[in-house]
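As numbered in numbering that gives the first Met the number 0, residues 0 to 519 make up the sequence shown, in order. Cβ atoms here follow ideal geometry from the backbone N, Cα and C, with glycine treated the same way. For reference, the structure is listed below as structure tokens.
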Amino acid sequence: MLPNFPCVVLPPESTVSDLARERPFVLLAVLAVASSTRTLQGHSLYDEEFRKILGLKFVAGGERSVELLEGLVVYVAWYPFHLRPKNKQAFQYIRMAVDIISDLELDQECDSDDIDIPPTPERMDQIRLYLATYFMVSHQSTAWACTRPMKYTPFTSLAIDMFQRHSTSPSDMALSWKARLQRLVEEANELRKSKSKKGASTSSHHQSGYQTGLVLRGMESQLSEWESKIPPSVASQPTIRIAVLFTRLFITAAPLFRFPTIKNPGANGNEMPGYIPTQEQMLGAVPTLHGMLEFFLSLQAGEINAFCGADWGSLILAIVLGYRLSFPLPQHPDWDDAVARRAVGFGAYLDRLCKMGDGSDSDEILQGMQPASSSAAAATAKLRHNMDVLSASKVVIGVVRDKFQKRIRKLAGPPPPVAAPPVTGGIIQNLWAAATGSGKTAEPVPMPASHPPVMPGTECPMLDGSVEPYYPYWDETFAANHLAQGSFGGGGEQQQQAYNDLWSTISMGWAQESINFEGL
Numbered sequence: 000m001l002p003n004f005p006c007v008v009l010p011p012e013s014t015v016s017d018l019a020r021e022r023p024f025v026l027l028a029v030l031a032v033a034s035s036t037r038t039l040q041g042h043s044l045y046d047e048e049f050r051k052i053l054g055l056k057f058v059a060g061g062e063r064s065v066e067l068l069e070g071l072v073v074y075v076a077w078y079p080f081h082l083r084p085k086n087k088q089a090f091q092y093i094r095m096a097v098d099i100i101s102d103l104e105l106d107q108e109c110d111s112d113d114i115d116i117p118p119t120p121e122r123m124d125q126i127r128l129y130l131a132t133y134f135m136v137s138h139q140s141t142a143w144a145c146t147r148p149m150k151y152t153p154f155t156s157l158a159i160d161m162f163q164r165h166s167t168s169p170s171d172m173a174l175s176w177k178a179r180l181q182r183l184v185e186e187a188n189e190l191r192k193s194k195s196k197k198g199a200s201t202s203s204h205h206q207s208g209y210q211t212g213l214v215l216r217g218m219e220s221q222l223s224e225w226e227s228k229i230p231p232s233v234a235s236q237p238t239i240r241i242a243v244l245f246t247r248l249f250i251t252a253a254p255l256f257r258f259p260t261i262k263n264p265g266a267n268g269n270e271m272p273g274y275i276p277t278q279e280q281m282l283g284a285v286p287t288l289h290g291m292l293e294f295f296l297s298l299q300a301g302e303i304n305a306f307c308g309a310d311w312g313s314l315i316l317a318i319v320l321g322y323r324l325s326f327p328l329p330q331h332p333d334w335d336d337a338v339a340r341r342a343v344g345f346g347a348y349l350d351r352l353c354k355m356g357d358g359s360d361s362d363e364i365l366q367g368m369q370p371a372s373s374s375a376a377a378a379t380a381k382l383r384h385n386m387d388v389l390s391a392s393k394v395v396i397g398v399v400r401d402k403f404q405k406r407i408r409k410l411a412g413p414p415p416p417v418a419a420p421p422v423t424g425g426i427i428q429n430l431w432a433a434a435t436g437s438g439k440t441a442e443p444v445p446m447p448a449s450h451p452p453v454m455p456g457t458e459c460p461m462l463d464g465s466v467e468p469y470y471p472y473w474d475e476t477f478a479a480n481h482l483a484q485g486s487f488g489g490g491g492e493q494q495q496q497a498y499n500d501l502w503s504t505i506s507m508g509w510a511q512e513s514i515n516f517e518g519l
């Protein structure tokens, strides 16, 4: 999993006992992250223990250490936020990480920092954590439209250059390139968030549009230059390939990536986006969108389950873009959504995304959620224990597919009225009367005069409640309530006891350093 986000260095020869003795909080984060690749319930079970230890260290003990920061970064980097969007813990953990960065002054240049002088191993560890935190904060604020508590500074640029020049590890090179590419995404996002008053003159609007076009072309040229400089051994890594494709996509279509929220479903009526891409530009982004989706579809289940949160965020925003390009756009009254739907072919991609990784379709997973009544409790409990990140994500994508198909049918209008059989009396007429209730043909329904407008804030299945019935299958917080009501079987207690026993054994032996980990 670390190749997807190399935020810490774990020596190949290090063992569980070594981590338990030297970096126990990092071990707890690693155990939680590793458990989520097998079952999301495992991640939920560790979450309570993680919060307890974090509270004792950060709040009660006032600890500010590199180890605490490492554990926080590891935990948050793989936190399945896209499956728990209403859970604010990830944001709280990120703020804690930023506070530790500030308290330890890791965001400031040291006297020994010199682009021409190799940093010490300790300083390299500090720079690695700083860049990892910056990337995590920046990507989350871009993807989920939240406040950014950590800014890009001249030291960020220096840290990237130093890390890239003096590190010989391919994983460190990957992290530096992820941070560098994220800065381009950040700049495009800032350009997108800039506002212009509706009352502005036409000349100033054209001037602003021309200047914005120059900036965007500069970003695209910069991206092409950087892409050519990435070493092949680094460029071939899935996380870098995803980052490059997402950056190129975001630069072109950033205004369409605006993530809706319940509190802020639409733009301010007195303001307009800083720039709106032309129809040609958006259609020109379709090949990049196809390339990105095809790359995700080419990955194996193990590779997808190892995704960090940024990788999942990139996939989600690609799905958001494909969805929005397929329908009318309020920003583009002349947008030909019928042409766009044919060009994007998003319905076919959703069908394939519901089978990505292991080939199992989201419908098969949903069928497994509703077993035969004779063993419903046991089967549901078993399914919940086997629900990994990939399976849960495909369930969500399946809900998106249903919404997409429903909206396509709505655009097509109601089916034509069914005419009555051309006979009178007899058994056929009786059947027709029974079917319609009156025996009369249905009244024709007029076609809609225009397409229904896009409704930001109601389209996202994670915000409108469409996915909530499935939360208990991967979120222990919801599952606990159902267990208390007897909705599920009792198999979860043994699973939870196993995780608790493992962590209790580790935590109780820290001081004695007398644990035997060979059997773990």
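| Item | Value |
| --- | --- |
| Short Cβ contact (8 Å threshold) for Ala19 with Tyr74 | no |
| Whole-angstrom distance between Leu180 and Ile229, CA atom to CA atom | 11 Å |
| Cα-Cα separation between Leu555 and Val338, rounded to whole angstroms | Shown here, the chain extends from 0 to 519; a query on residue 555 therefore has no answer. |
| Three-state secondary structure (DSSP) of Gln299 | strand |
| Residue burial classification, Glu185 (beta-carbon count within 10 angstroms, cutoff 16) | buried |
| Start-to-end residues for the alpha helix (DSSP H) that takes in Thr277 | No alpha helix (DSSP H) holds Thr277; DSSP gives it neither H nor E. |
| Pro120 - containing alpha helix (DSSP H), residue span | 120-143 |
| Thr119 classed as buried or exposed, judged by whether at least 16 other C-beta atoms fall within 10 angstroms | exposed |
| Segment contact, 8 Å Cβ cut-off, at least three pairs: the region 396-411 with the region 89-105 | no |
| Leu324 versus Arg340: straight-line alpha-carbon distance, rounded | 7 Å |
| For Leu103, the three-state DSSP class (helix, strand or coil) | coil |
| Test item: CB-CB of Ser247 and Thr287 under 8 Å | Sequence inspection shows Arg at residue 247; the Ser mentioned does not correspond to that position. A contact, by the Cβ cut-off of 8 Å. |
| Exposure label - Arg216; buried when at least 16 CB within 10 Å | exposed |
| Exposure label - Gly61; buried when at least 16 CB within 10 Å | exposed |
| Cα-Cα separation, Glu219 to Glu226 | 10 Å |
| Rounded straight-line distance, which links the Cα of Gly54 to that of Arg63 | 12 Å |
| Where the alpha helix (DSSP H) through Arg341 begins and ends | 336-343 |
| Segment contact, 8 Å Cβ cut-off, at least three pairs: the region 97-105 with the region 68-84 | yes |
| Check whether Cys353 and Asn3 have beta carbons under 8 Å apart | no |
| Alpha-carbon spacing of Pro10 relative to Leu1, whole angstroms | 12 Å |
| Cβ neighbour criterion (16 or more within 10 Å) applied to Ile114 | exposed |
| Through-space distance from Gly346 to Ser175, alpha-carbon basis | 36 Å |
| N- and C-terminal bounds of the alpha helix (DSSP H) containing Val394 | 388-411 |
| Own chain partners of Phe249 with C-beta closer than 6 Å, once the 5 adjacent residues on each side are dropped | Val184, Ala187 |
| For Gly356, the three-state DSSP class (helix, strand or coil) | strand |
| Opposing strand residues paired with His289 [DSSP bridges] | His289 pairs with nothing; no bridge assigned. |
| Inter-residue spacing [alpha-carbon to alpha-carbon] between Thr277 and Ala252 | 9 Å |
| Rounded distance between the beta-carbons of Ile126 and Ala173, thought under 8 Å | Actually they do not touch by this definition, with Cβ atoms about 14 Å apart. |
| Bounding residues of the alpha helix (DSSP H) (the contiguous stretch that carries Ile315) | 308-324 |
| Beta-carbon proximity list for Pro117, same chain, < 6 Å, skipping 5 on both sides | His165 |
| Check whether Phe245 and Met281 have beta carbons under 8 Å apart | no |
| Candidates Lys51, Arg400, Ala391, of which the one nearest Glu467 by Cα | Ala391 |
| Nearest-angstrom beta carbon gap, Leu320 and Phe403 [assumed within contact, 8 Å] | Phe403 to Leu320, Cβ: 13 Å. No contact. |
| Asn188 - containing alpha helix (DSSP H), residue span | 169-192 |
| Beta-carbon proximity check, Asp112 vs Met161, cutoff 8 Å | yes |
| Contacts around Thr141, its chain only, beta-carbon distance under 7 Å, and the 5 residues preceding and following it disregarded | Val184, Glu185, Asn188 |
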